[in-house]
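Colleague: Handing you a structure now.
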Amino acid sequence: MWEDEALHFLRRAVSSVQRNSAWCAYCFEYDAKSQSIQALSGARWQYRLYKLICFCFTFPIFPAFVARCYYLARMVQSNRDNPMVFVTYVGTLVIFGFLPLSWFLMRPFKAKKYVTFFKATISLEKALHDLLPHVDNQDLEIRNAIRVITNFFRNLLKTTETIIPLLFLPICFLPSTNPIYVAVNDIRHIEERYTPAACVAFLVVFGFLTFMGALFLFSVETICILISGYGVGCLYLWTLVIIPPDRELWGNTRNQVRHGIIRNKEPVVSWGKVRNRMVKKLPRKLGSGGKLQNPRAIKNPSCKTRLPFPLNLYIYKCLRILSIIHSEIAHDFVSTCLHHFYCVAASTIALYFLVVGFSNDFATSHSLLLRSLCITLLILCVVVEWFTVSFVSKGSSASRLFLQRMYKLYGRRKYERKVLRSQTPNSVNLEFMGSVETIRDGIQAKYFLNYLSRVSEITVSLLLGL
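Structure (C-alpha cells):
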C-alpha cells in the first residue's frame with residue numbers, strides 16, 4: 056500500500072548521505088538492477104571511511120562539545136553570545152542522538168539487518184496486497200492516512216535537504232556563531248596571533264567541516280527515522296483495512312442506496328452482495344444531473360468489505376510480527392526510543408532562546424538568525440513528536456477497534472471467541488520503559504500532552520532561574 060513511497064524516500068535518504076559525504080563515506084547504496092537498497096560490505100573503502108567519521112564523532116568531537124557546553128553554562132550571562140550558545144547546545148544534542156545510530160550502522164551485519172527488515176516490510180505489504188488487490192481506494196480514512204504519512208516524510212526530507220542547509224550556511228561561516236571556530240579562538244587566540252587573512256582561512260576550513268558534518272548527521276538520522284516511521288504507518292494502514300464495517304453505519308448506507316433505487320425505479324438488489332462486493336460494480340443514478348454514481352461513493356466511510364474470519368486473523372498476526380520486528384530495530388537504534396527526551400530537550404532549548412531573543416535587541420541580524428533557528432527547530436520537534444505519538448496511538452486504537460468489532464461479530468462462536476480473547480492490540484513499542492497499560496492498550500495520545508507540559512514547565516523554570 057505504501058511500499059513504493061517508502062522505497063522512494065529511502066532512496067532519497069541514501070542519496071542524501073552519499074551527497075553530503077561527497078560520495079566517500081556511506082554504508083548503503085541503491086542497486087538499480089534489483090531496484091532496492093543494499094548494505095555495503097565491510098571491505099569497501101567507503102564503508103571504512105564512514106566508520107572512521109563515526110569514530111571521530113564519538114571521540115574527540117562529542118567530548119569536546121560536552122566540555123564546551125559545560126564551559127558556556129558556567130559563564131556569566133552578559134558575556135555569552137546567545138546564537139553561538141544555542142548552536143553549541145543543539146549541536147551537542149544532535150551528536151548525542153547520532154552516536155547510537157552510528158554505532159548500530161558501523162557493524163556490517165547490523166546494516167544488513169536494517170536492509171533485511173526494510174525488505175521484509177515491503178514483502179509483507181506486497182503479500183497482503185495480493186490477498187486484497189482492491190484495497191487502495193477502499194476507504195476515505197485510508198486514503199487520508201496515506202496522504203498524511205507521505206506529506207510528513209516528504210516535508211521531513213525537504214527540511215533536511217533544503218531548509219537546514221540554508222540555515223546552517225550562515226551559522227558555519229560567521230566567526231561569531233561557528234562553535235568550533237569560537238572554541239579554538241578562545242583557546243588559541245587565533246584573531247590575536249594571526250593576520251585577518253589567516254583568520255579567514257581558518258574560518259573557511261572550520262566552516263566547511265562544520266557544514267558538511269552537520270548535513271551528514273541529519274541525513275544519517277533521517278535514514279533511521281524512516282524505517283521506524285514506515286513500520287508505524289504500515290501497521291496503522293493495514294489495521295484500518297481489516298477492521299470490519301459497523302452494522303449501524305451499514306444500515307444508514309442501506310437506506311441511502313434504497314432511497315436512490317426507489318427514486319430511479321430500479322430493481323432491488325441483494326444487500327449481502329452489495330456489502331461483500333464492496334458495492335463497486337453497481338452504478339446507480341442518484342441525485343439530479345443524470346450522473347452515474349457508485350453507491351460506495353455515498354458519504355459513508357464504512358462501505359468496505361467484511362473479510363472472512365481466517366483471513367482477518369491471518370493478516371492481524373502478520374501485523375503482530377511486523378510490530379515485533381520494528382520494535383526490535385527501534386530498540387537497537389536506542390535514539391528512536393529516546394524520541395521523547397530529544398524532542399523535549401530540543402524544544403526546551405529552542406523555546407528558551409526564543410523568549411530570550413525577544414527580550415533582547417529585536418532588530419539585529421544575530422537576533423533574527425537566532426529566532427529563525429529556534430522557530431524551525433521548535434516546529435520540527437513538534438511535528439516529529441506529533442507524528443510519532445499520533446500514529447502509534449492510532450495504530451493501537453485501530454487494533455482495539457478491530458478486536459472489539461470482531462468480538463461483536465464472532466463472539467457467540469466458541470472457537471472464534473477463544474481466539475479473539477487471546478489477542479492483544481498491536482503496537483510498535485518506541486519506548487524503553489512500558490507499563491502494564493501500554494502493553495495491554497498501547498501508547499495513548501495523552502503522551503503528546505505530556506510532551507507539551509514538560510517543555511512549558513522546564514522552560515518556565517529556566518527563565519525564572521529555578
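Everything in the sequence shown is counted per the working numbering, starting at 56 for the first residue and increasing by one.
Cβ atoms here follow ideal geometry from the backbone N, Cα and C, with glycine treated the same way.
Would you list, in sequence order, the uninterrupted alpha helix (DSSP H) runs of no fewer than 4 residues that lie entirely inside the region 243-269?
Modeller: You should have 245-248.
Colleague: Quick one: Cα of T250 to Cα of H244, how far?
Modeller: The residue labelled residue 250 in the question sits at position 195 within the sequence shown. The residue labelled residue 244 in the question sits at position 189 within the sequence shown. Roughly 12 Å separates the two Cα atoms.
Colleague: CB-CB under 8 Å to F487, same chain, minus the five flanking residues each way: which ones, in chain order?
Modeller: Residue 487 sits at position 432 when you count from the first residue of the sequence shown. These residues qualify, in order along the chain: H386, C392, L393.
Colleague: Can you tell me the Cα-Cα spacing of L211 and I219, whole angstroms?
Modeller: For this step, residue 211 is matched to residue 156 along the sequence shown. For this step, residue 219 is matched to residue 164 along the sequence shown. L211 and I219: Cα-Cα distance of roughly 10 Å.
Colleague: For L518, count neighbouring Cβ atoms within 10 angstroms of its own Cβ and tell me buried if that reaches 16, exposed if not.
Modeller: Position 463 of the sequence shown, counted from the first residue, corresponds to residue 518. Under this definition L518 is an exposed residue.
Colleague: So what's E486 in DSSP terms, helix, strand or just coil?
Modeller: Within the sequence shown, residue 486 is the residue found at index 431, counting from 1. The answer is coil: DSSP assigns E486 none of H, G, I, E or B.
Colleague: Which residues does DSSP pair with Y85 in a beta bridge?
Modeller: Counting from 1 along the sequence shown, the entry for residue 85 is found at position 30. Answer is I92.
Colleague: Between the region 444-459 and the region 229-240, are three or more C-beta pairs nearer than 8 Å?
Modeller: No contact exists between the region 444-459 and the region 229-240.
Colleague: Quick check: what's the CA-CA separation for Y125 versus L292?
Modeller: The residue given as residue 125 occupies position 70 in the sequence shown. The residue given as residue 292 occupies position 237 in the sequence shown. For Y125 and L292, the distance between alpha carbons rounds to 45 Å.
Colleague: Whole angstroms are fine: how far does the CA of T215 sit from the CA of L65?
Modeller: Your numbering for residue 65 matches position 10 in the sequence shown. Your numbering for residue 215 matches position 160 in the sequence shown. Their Cα atoms are separated by approximately 13 Å.
Colleague: Using only alpha-carbon positions, find the residue among Q73, S445, L374 that is nearest to A200.
Modeller: Looking up residue 200 in the sequence shown gives position 145. Measuring from the Cα of A200, the nearest candidate turns out to be S445.
Colleague: Should W100 go down as buried or exposed, given a rule of 16 or more other Cβ atoms within 10 Å for buried?
Modeller: For this step, residue 100 is matched to residue 45 along the sequence shown. By the neighbour-count rule (16 or more Cβ atoms within 10 Å), W100 is not buried but exposed.
Colleague: In chain order, what residues of the same chain have a beta carbon less than 6 Å from the beta carbon of A436, not counting five sequence neighbours either side?
Modeller: Indexing the sequence shown from 1 puts residue 436 at position 381. Rather than Ala, the amino acid found at residue 436 in this sequence is Cys. So the list reads C398, A401, S402, once near-sequence residues are dropped.
Colleague: Between P288 and I204, what straight-line distance do the alpha-carbon atoms span, to the nearest angstrom?
Modeller: On the sequence shown, position 233 is the one that residue 288 refers to. On the sequence shown, position 149 is the one that residue 204 refers to. Reading off the sequence, residue 288 comes out as Gly, not Pro. So the alpha carbons of these two residues sit roughly 7 Å apart.
Colleague: Quick check: R129 and T143, are their CB atoms within less than 7 Å of each other?
Modeller: Reading the sequence shown from its first residue, position 74 is the one you call residue 129. Reading the sequence shown from its first residue, position 88 is the one you call residue 143. Against a cut-off of 7 Å, the Cβ pair of T143 and R129 comes out as no contact.
Colleague: Take the Cβ of D194 as the centre, count every other Cβ of all protein chains shown within 10 Å, and call the residue buried at 16 or more, exposed below.
Modeller: By one-based count along the sequence shown, residue 194 stands at place 139. Per the 10 Å Cβ criterion, buried.
Colleague: Within the region 413-490, note down every full beta strand (DSSP E) run reaching 3 residues or more, in order along the chain.
Modeller: Here no run is fully enclosed.
Colleague: Within the same chain, show all residues whose beta-carbon is closer than 8 Å to that of I150, passing over the 5 residues directly before and after it, in chain order.
Modeller: Stepping through the sequence shown from its first residue, residue 150 is reached at position 95. Taken in chain order, the residues that qualify are F112, I116, F117, F120, L272.
Colleague: To the nearest angstrom, how far is it from the Cα of S477 to the Cα of R460?
Modeller: Counting from 1 along the sequence shown, the entry for residue 477 is found at position 422. Counting from 1 along the sequence shown, the entry for residue 460 is found at position 405. Straight-line Cα distance between these residues: approximately 15 Å.
Colleague: State the DSSP-derived secondary structure class of S70, mapped to helix, strand or coil.
Modeller: Here residue 70 is taken as the residue at index 15 of the sequence shown, counted from 1. Correct three-state label for S70: helix.
Colleague: If you drop the 5 nearest sequence neighbours on each side, which residues of the same chain put their C-beta closer than 6 Å to that of S283?
Modeller: Within the sequence shown, residue 283 is the residue found at index 228, counting from 1. Only A385, T391 meet the Cβ criterion.
Colleague: Can you say whether A238 is buried or exposed, counting buried as having 16 or more other CB atoms within 10 angstroms of its CB?
Modeller: The residue given as residue 238 occupies position 183 in the sequence shown. Classification for A238: buried.
Colleague: If you draw a straight line from the C-alpha of G146 to the C-alpha of F261, how long is it?
Modeller: Translated into positions along the sequence shown, residue 146 becomes position 91. Translated into positions along the sequence shown, residue 261 becomes position 206. G146 and F261: Cα-Cα distance of roughly 15 Å.
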